[in-house]
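Data block below; observations after.
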Amino acid sequence: MTDDALALYQQVILEHYRRPRNVGPLADGAEHATGDNPICGDRITVYVRVSGGFVTDATFEGTGCAICIASASLMTGIVQGRTIDEIDGLIERVHDLVSAAPGAPVGDVGTAAALAGVRQFPVRARCALLPWQTLRAAAHQGGTVVSTE
Ligand code: ZN
Numbered sequence: 003m004t005d006d007a008l009a010l011y012q013q014v015i016l017e018h019y020r021r022p023r024n025v026g027p028l029a030d031g032a033e034h035a036t037g038d039n040p041i042c043g044d045r046i047t048v049y050v051r052v053s054g055g056f057v058t059d060a061t062f063e064g065t066g067c068a069i070c071i072a073s074a075s076l077m078t079g080i081v082q083g084r085t086i087d088e089i090d091g092l093i094e095r096v097h098d099l100v101s102a103a104p105g106a107p108v109g110d111v112g113t114a115a116a117l118a119g120v121r122q123f124p125v126r127a128r129c130a131l132l133p134w135q136t137l138r139a140a141a142h143q144g145g146t147v148v149s150t151e
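This note's numbering puts the sequence shown at residues 3 to 151.
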């Protein structure tokens with residue numbers, strides 16, 4: 003990864019942290035789950051509406067560090083209109099993305115590629131992954147609490 007790419011990724015993260023998208027609860031028939039990352043103090047709730055196997059809406063609310071909030075903001079935009087199967091694959095690729103060595107190639111994860119900057123700081127991988135783990139819990143078993151511990 004070049005310094006230019008890293009700088010761009012940091013810019014995207016900061017922009018989504020300052021102005022997060024898709025914030026707030028979903029009412030009426032939406033599933034939700036809460037994710038907790040005690041190491042950092044991130045705690046978010048992800049809401050997801052699934053219709054005919056597709057995610058038609060996804061939002062989040064809560065508190066967290068820049069990486070957690072930016073990841074949730076990026077994620078809720080990316081998953082809309084995708085099937086649960088597609089999202090499960092995406093979550094695996096995001097996991098690989100943030101766990102990879104700093105120079106490794108970036109997989110097909112859309113705008114979540116900005117999370118590649120987290121590779122420089124392995125302890126922050128939990129912050130980046132929390133929204134995705136929470137989304138998976140909401141989509142598959144709404145109402146649960148997941149923890150990075
Ligand atoms: Zn965090």
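In this text, a Cβ means the ideal position worked out from N, Cα and C, and glycines have one as well.
| Asked | Found |
| --- | --- |
| For Ala139, which residues in the same chain have their Cβ closer than 6 Å to its Cβ, ignoring the five residues on either side in sequence? | Ala35, Thr146, Val148 |
| Quick check on this structure: which residue in Gln122, Leu117, Val125 has the alpha carbon closest to the alpha carbon of Trp134? | Leu117 |
| Taking the alpha carbon of Arg21 as the reference point, which residue from Gly37, Val52, Ser73 has its own alpha carbon closest? | Ser73 |
| Alpha carbon to alpha carbon, what distance is there between Val50 and Gln82? | 9 Å |
| Helix, strand or coil: how does DSSP classify Arg51 here? | strand |
| Rounding to the nearest angstrom, what Cα-Cα distance links Pro40 and Val25 in this structure? | 21 Å |
| Check each residue's C-beta against every heavy atom of ligand 1 and list, in chain order, those closer than 5 Å. | Cys42, Asp44, Cys67, Cys70, Cys129 |
| The beta strand (DSSP E) that contains Ala60, what's its start and end? | 56-65 |
| Quick one: grab the DSSP three-state call for Val108. | coil |
| Starting from Gly37, follow its DSSP beta bridges and name the residues at the other end. | Ile46, Val148 |
| Out of Leu8, Thr61, Pro124, Gly43, which has the shortest C-alpha to C-alpha gap to Leu137? | Thr61 |
| Can you name the residues that DSSP bridges to Thr85? | Phe56 |
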